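Asks: In my numbering, the protein residues as written are 114 to 319. We put the beta carbon where it would ideally sit given N, CA and C, even for glycine. Computed from a prediction, not measured in an experiment: that's the story for all the values here.
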């Protein structure tokens, strides 16, 4: 599919199920439930696309599905990615150049932007208070609370989604609400220390 626009789809911009292989280039998916959802082994390559302002996920690759590609814009989604989405599919909101950040901070408009600003193995220090999450982890990072609280942005979304390339150490943080407190794709990893997960439909999904 080349230069396709899908908008205002109540459930999915594209739903691919089973033995399906997609190539998407230069396309835009906005104001849908999910921009792109793949299930049961479907595969997609996504190049130079935009997934913006979708109510739930920009891209979801679940139940044995996978997504590869590069140069794609994400923003304003409930959560940009979930599942087996390869490193490089999502263009960061800003360059990774900091070893440590404090959040919240006037420097960052969202938790996702603060995480994107971290170098691999960098640390985000979460100050006291409740912060809206729905963020994607796609590199090795530490999130440390003082303590601090991360809240899922919607009952159908996770607080944190760890995708391939992601290695999360969550220390001294409380996670609240959501479909998942923490969801970890098969090729990713997470370690929790002195953390709490409260009020989620599924606390931790692996």
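Report the partner residues of residue 118 according to the DSSP bridge assignment.
Replies: According to DSSP, residue 118 bridges with 141.
Asks: Taking the alpha-carbon of residue 242 as reference, which of 251, 248, 206 and 263 has the nearest alpha-carbon?
Replies: Closest option to residue 242, Cα to Cα, is 263.
Asks: Going by DSSP in three states, residue 283 sits in which element: helix, strand or coil?
Replies: Strand at residue 283.
Asks: Just the Cα atoms here: how many angstroms apart are residue 308 and residue 196?
Replies: Rounded to the nearest angstrom, the two C-alpha atoms are 23 Å apart.
Asks: For the alpha helix (DSSP H) holding residue 194, just list the boundary residues, first then last.
Replies: First-last for residue 194: 192-196, but that is the beta strand (DSSP E), not the alpha helix (DSSP H).
Asks: Report the rounded CA-to-CA distance for residue 313 versus residue 283, giving the unit in angstroms.
Replies: Straight-line Cα distance between these residues: approximately 17 Å.
Asks: Would you decide whether residue 132 is buried or exposed? Buried here means 16 or more other CB atoms lie within 10 Å of its CB.
Replies: It is exposed - the Cβ of residue 132 has fewer than 16 other Cβ atoms within 10 Å.
Asks: Would you tell me roughly how many angstroms separate the C-alpha atoms of residue 217 and residue 124, rounded to the nearest one?
Replies: About 32 Å.
Asks: I'd like to confirm the pairing. Which residues does DSSP put opposite residue 253 in its beta bridges?
Replies: Its beta-bridge partners are 280.
Asks: Assess, as a yes-or-no matter, whether the segment 137-151 is touched by the segment 164-184 under the definition of 3 or more beta carbon pairs within less than 8 Å.
Replies: Yes: at least three Cβ pairs fall under 8 Å.
Asks: Counting Cβ pairs closer than 8 Å, one from the segment 262-277 and one from the segment 293-309, do we hit at least three?
Replies: The segment 262-277 vs the segment 293-309: in contact.
Asks: Where do the ends of the alpha helix (DSSP H) carrying residue 226 lie?
Replies: Residues 224-229.
Asks: Which residue from 253, 245 and 141 puts its Cα closest to that of residue 261?
Replies: Here the closest residue by C-alpha is 245.
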